[in-house]
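To keep things clear, I will list the structure first and then write my remarks on it.
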Amino acid sequence: MPGRDRHERSIVNAASLRLLSALGLLVLLLALHGAAAAAPDSFQKQLETWQQTLELIQDKARLGLVDAQTAKSMHADLDTIEGEIGTVVEGIAEKRRALETLLNSLGPAPKEGEPSESEAVASERARLQNELSAINARKSQAELLNAQVAGVRDDLNSLVSQRLVDHLEEQTPLPFEPSTLRAAAANAAAITTRLSVHGTAWFADLADRDDVALRFLRTLLVVIALILGAMYIRLRLLRRFEQRSTSAEPAYRERFVVALLGAVAYGLIPAAITAGVYFRVDIPDSPITGLTRDLVKAVALALFYFFTARAVAMTILSPGRPRWQLLNIGAEGSRRIYRWTILLLALIALALAVAELAPAIAVGASLDAVAKTVLALAALTCLIGLVRRDNWRRGRMPAPAEGSDEATGAAAGSGGVTIWGIARALVLLLAAGAVGAALIGHANVTAFVLRGLFVSGLVLGGVVILRSLLRELVGVAFRSAVARRHLALEHEIRSRLKSLVRTALDPVLAFILLIGVLPAWGVPASKIREWLRWLGEGVQIGGVTISLYGVLFALAIFVGAVALTRIAQRAVTERLLKGVGLNDGIRYSVGTGISFLGYVIAIALGIAALGIDLTNLALVAGALSVGIGFGLQNIVNNFVSGIILLFERPIKVGDWVVVGSVEGFVKEINIRATEIETFQRSSIIIPNADLISQAVTNWTYKDRYGRMEIAVGVAYGSDVQKVRKVLLSCAEDHRLVARIPAPFVVFADFGASELAFELRCYTADVLQRLTIASELRYEIDRRFKEEGIEIPFPQRVIHFAPGTTIPTAPPAAAPASAPAEDSAPPRPDDRTR
Numbered sequence: 007m008p009g010r011d012r013h014e015r016s017i018v019n020a021a022s023l024r025l026l027s028a029l030g031l032l033v034l035l036l037a038l039h040g041a042a043a044a045a046p047d048s049f050q051k052q053l054e055t056w057q058q059t060l061e062l063i064q065d066k067a068r069l070g071l072v073d074a075q076t077a078k079s080m081h082a083d084l085d086t087i088e089g090e091i092g093t094v095v096e097g098i099a100e101k102r103r104a105l106e107t108l109l110n111s112l113g114p115a116p117k118e119g120e121p122s123e124s125e126a127v128a129s130e131r132a133r134l135q136n137e138l139s140a141i142n143a144r145k146s147q148a149e150l151l152n153a154q155v156a157g158v159r160d161d162l163n164s165l166v167s168q169r170l171v172d173h174l175e176e177q178t179p180l181p182f183e184p185s186t187l188r189a190a191a192a193n194a195a196a197i198t199t200r201l202s203v204h205g206t207a208w209f210a211d212l213a214d215r216d217d218v219a220l221r222f223l224r225t226l227l228v229v230i231a232l233i234l235g236a237m238y239i240r241l242r243l244l245r246r247f248e249q250r251s252t253s254a255e256p257a258y259r260e261r262f263v264v265a266l267l268g269a270v271a272y273g274l275i276p277a278a279i280t281a282g283v284y285f286r287v288d289i290p291d292s293p294i295t296g297l298t299r300d301l302v303k304a305v306a307l308a309l310f311y312f313f314t315a316r317a318v319a320m321t322i323l324s325p326g327r328p329r330w331q332l333l334n335i336g337a338e339g340s341r342r343i344y345r346w347t348i349l350l351l352a353l354i355a356l357a358l359a360v361a362e363l364a365p366a367i368a369v370g371a372s373l374d375a376v377a378k379t380v381l382a383l384a385a386l387t388c389l390i391g392l393v394r395r396d397n398w399r400r401g402r403m404p405a406p407a408e409g410s411d412e413a414t415g416a417a418a419g420s421g422g423v424t425i426w427g428i429a430r431a432l433v434l435l436l437a438a439g440a441v442g443a444a445l446i447g448h449a450n451v452t453a454f455v456l457r458g459l460f461v462s463g464l465v466l467g468g469v470v471i472l473r474s475l476l477r478e479l480v481g482v483a484f485r486s487a488v489a490r491r492h493l494a495l496e497h498e499i500r501s502r503l504k505s506l507v508r509t510a511l512d513p514v515l516a517f518i519l520l521i522g523v524l525p526a527w528g529v530p531a532s533k534i535r536e537w538l539r540w541l542g543e544g545v546q547i548g549g550v551t552i553s554l555y556g557v558l559f560a561l562a563i564f565v566g567a568v569a570l571t572r573i574a575q576r577a578v579t580e581r582l583l584k585g586v587g588l589n590d591g592i593r594y595s596v597g598t599g600i601s602f603l604g605y606v607i608a609i610a611l612g613i614a615a616l617g618i619d620l621t622n623l624a625l626v627a628g629a630l631s632v633g634i635g636f637g638l639q640n641i642v643n644n645f646v647s648g649i650i651l652l653f654e655r656p657i658k659v660g661d662w663v664v665v666g667s668v669e670g671f672v673k674e675i676n677i678r679a680t681e682i683e684t685f686q687r688s689s690i691i692i693p694n695a696d697l698i699s700q701a702v703t704n705w706t707y708k709d710r711y712g713r714m715e716i717a718v719g720v721a722y723g724s725d726v727q728k729v730r731k732v733l734l735s736c737a738e739d740h741r742l743v744a745r746i747p748a749p750f751v752v753f754a755d756f757g758a759s760e761l762a763f764e765l766r767c768y769t770a771d772v773l774q775r776l777t778i779a780s781e782l783r784y785e786i787d788r789r790f791k792e793e794g795i796e797i798p799f800p801q802r803v804i805h806f807a808p809g810t811t812i813p814t815a816p817p818a819a820a821p822a823s824a825p826a827e828d829s830a831p832p833r834p835d836d837r838t839r
């Protein structure tokens, strides 16, 4: 009966599970059906909204109602549509996966000749397939609309580019024709009169309104207070920092910080004040109205750009403090470059103010052409003085050490002579072209080129400062305690990694520079965003999407995992295992195992971050197995042998081993081979497979106990018991000879000319084996002399054939014929024979 009850309970449980599964599937189907029923209406409404927006943009473009500001707004609308389409497509993909899951749960449809499925299942299958078809249709509509958005964007970019070309090709009055000069003079006089009249009226109105005058004075006092505060902060910061460094030639990092402080004081604080003025005059209760407001805004905007660019120049050149320069171009050269730069910036700021104010003061074509020509001539003069080769010669700073942080500044100042020469020539060519364009009646080209040069110079200066900052941060990171202690990176490795990272920064900064200057030369910002989006989307290779951002993210994940591995390895080996008293060999084996595991995990995480399915690596493993069978078996054999060495531990780091003719200490056990350092301080690399396959003598396998054998020969007739006592006494008196096992003497043999003995003794430190044996021999020699025990010379009997003349020794030379002071002393080899 109990068995029957259990059987009935199992049947009930199975039925309950099937019922719950059916109810869950029904609820999911109802929810999905409701969502699918409501989705078409909302999708169609959204689709109609998108299409109306696209049609409106196309109509404006077709009618030519597109300027720079309108194009920017249209691109923003297109970006919004693209983002919404992307969201909808993602939602459609999720619904599609859910429907496919439900269809798969119903199983495959019965084929022809097979029993038909129930009517309910067939009806549900048809409904799900219809919904899947509808979702696929919506996806196709969204993708089609997305393609239309891309087409409209391209048309808009083409229209804006064509407008720019038409604007540049527009003919303007010749600047130095008498009629142009007369019209320009009349226009300038009219503008001056208008500004004078409006200014007088504004001041009169301001004087009549006490509340407005009070607000104006309050604003003026705030501006003056901000300027005075900025000057005070600048002086305090610079004096305080300069007092901290009393060295004749401060380090590069100190020069960089001082340069940044100077930039903040001289440029960014005044720029912030002018920006505040620019936005302050636009508030409703501002006392500055009308044409005066336009004038103040134009001047404030020009001063903002002037102070910002001045901050960049001050940071890079540091003309007032030659020893605090970032670029090694000499004190006089930096001062000349700074003066020409400030003059050029003042001209550009003036042109900017006039261009900003031009719509309000009705600047005519003649005055515009003359002003742009004069500005181009002045800018060309400044650029000629700026790019002179004498200005850019290196100064007298001491040459920085290779790889040091100070090398950064020197590299920035002197590196790439050819590139800087080409850049200077290109700048002069563009400036001369701008002047030529103005002279032949193309003042718009002049303004375009000058604006491009100004923005390019500003972006270039910012990138140079950013480069210095990033390189200094890299240096600080590799000098930090994390790199030195936690990551256990040696100085040479840190120097190489620092140089590698700094070198890798340059292409990234060059890309940033390119992206920053392209809009100034007519490339639409939407086109640049499209390129960046393409870099982010990447290319499809098989089922994997490879993008620049994905590669950088995967690289960051890999580097982070490796860094965490090194930190964990260091913590386990230096803190945990060392704290429990384990020897160096065990700690090294555990640390190497952690390193292997960490690198495997880092590689797996990097591959996963790239979007590669790790299950597909089975194919790679199959390909590797074929490669192993042909050409990689030796490498894999050594790799597996290395793992065996780490876990079986027949040898450890620090062991004294003998492998064939190689004898020395195990220095490092790597993945493929093991490094052995001989007593001559040479390193011998032995493949791990050889250490597994052949006999290895390990003097320190279990402990450092070892035995020494010292052979001693005495003359025939010596008291052998006395010899034994002397030998044992010498061994027992030595501090490094072990008492247990006790030393003993072996009467080894009756030699041809000696009685052969052998002293055998043990030591607790076999690494001192040679030292102990040498000291024992010294002691044995001394004791034998004291006890009168003779160590015989080898004796040989030479037989001469009958009739052979026996040679005799030559007569001794007379003392007079060979003075003692002239005779050569005997060599050590002669004395020992």
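With the sequence shown counted from 1, adding 6 to any position gets you this note's numbering.
Ideal placement from N, C-alpha and C gives every residue a C-beta, glycine not left out.
Per-residue DSSP class, three states only, for residue i
{"i": "residue 346", "result": "helix"}
{"i": "residue 705", "result": "coil"}
{"i": "residue 642", "result": "helix"}
{"i": "residue 758", "result": "coil"}
{"i": "residue 495", "result": "coil"}
{"i": "residue 96", "result": "helix"}
{"i": "residue 445", "result": "helix"}
{"i": "residue 210", "result": "helix"}
{"i": "residue 183", "result": "coil"}
{"i": "residue 763", "result": "strand"}
{"i": "residue 796", "result": "coil"}
{"i": "residue 671", "result": "strand"}
{"i": "residue 751", "result": "strand"}
Option nearest residue i by Cα separation, candidates the options
{"i": "residue 89", "options": "119, 206 and 151", "result": "151"}
{"i": "residue 732", "options": "706, 230, 722 and 763", "result": "763"}
{"i": "residue 719", "options": "98, 751 and 539", "result": "751"}
{"i": "residue 769", "options": "715, 173 and 796", "result": "715"}
{"i": "residue 452", "options": "380, 515, 497 and 391", "result": "380"}
{"i": "residue 789", "options": "736, 651, 50 and 517", "result": "736"}
{"i": "residue 656", "options": "313, 601 and 595", "result": "595"}
{"i": "residue 353", "options": "342, 340, 339 and 386", "result": "386"}
{"i": "residue 644", "options": "155, 168, 680 and 801", "result": "680"}
{"i": "residue 747", "options": "791, 711, 761 and 593", "result": "711"}
{"i": "residue 647", "options": "696, 673 and 610", "result": "696"}
{"i": "residue 581", "options": "220, 155 and 593", "result": "593"}
{"i": "residue 778", "options": "740, 745, 758 and 765", "result": "740"}
Cβ neighbour criterion (16 or more within 10 Å) applied to residue i
{"i": "residue 397", "result": "buried"}
{"i": "residue 346", "result": "buried"}
{"i": "residue 787", "result": "exposed"}
{"i": "residue 694", "result": "buried"}
{"i": "residue 454", "result": "buried"}
{"i": "residue 822", "result": "In this predicted model, residue 822 has a pLDDT of only 45, less than 50, meaning its place in the structure is not dependable; the value taken from the coordinates is given anyway. Exposed: under 16 other Cβ atoms inside 10 Å."}
{"i": "residue 181", "result": "buried"}
{"i": "residue 805", "result": "exposed"}
{"i": "residue 760", "result": "buried"}
{"i": "residue 561", "result": "exposed"}
{"i": "residue 448", "result": "buried"}
{"i": "residue 6", "result": "An answer regarding residue 6 cannot be provided, because it is not within the stretch 7 to 839 covered by the chain."}
Proximity test, residue i beta-carbon vs the ligand PLP heavy atom, cut-off 7 Å
{"i": "residue 537", "result": "The ligand PLP is absent from the structure shown, which contains no ligand whatsoever."}
Validate contact between the segment 525–534 and the segment 566–577 using beta carbons, cut 8 Å, 3 pairs: no
Start-end ranges of the beta strand (DSSP E) lying completely within the segment 685–731, minimum 3 residues: 689–693 and 712–720
Stretch pair the segment 297–307 + the segment 363–379: three plus CB contacts closer than 8 Å: yes
Three CB pairs or more closer than 8 Å across the segment 367–378 and the segment 182–194: yes
Touching by the beta-carbon criterion (3+ pairs, under 8 Å), the segment 56–67 and the segment 95–102: Too few Cβ pairs lie closer than 8 Å, so no.
In chain order, each beta strand (DSSP E) run of at least 3 residues that lies wholly inside the segment 50–98: Listed in chain order, the beta strand (DSSP E) runs fully inside the segment 50–98 amount to none, counting runs of at least 3 residues.
Complete runs of the alpha helix (DSSP H) confined to the segment 504–546 [at least 4 residues]: 531–543
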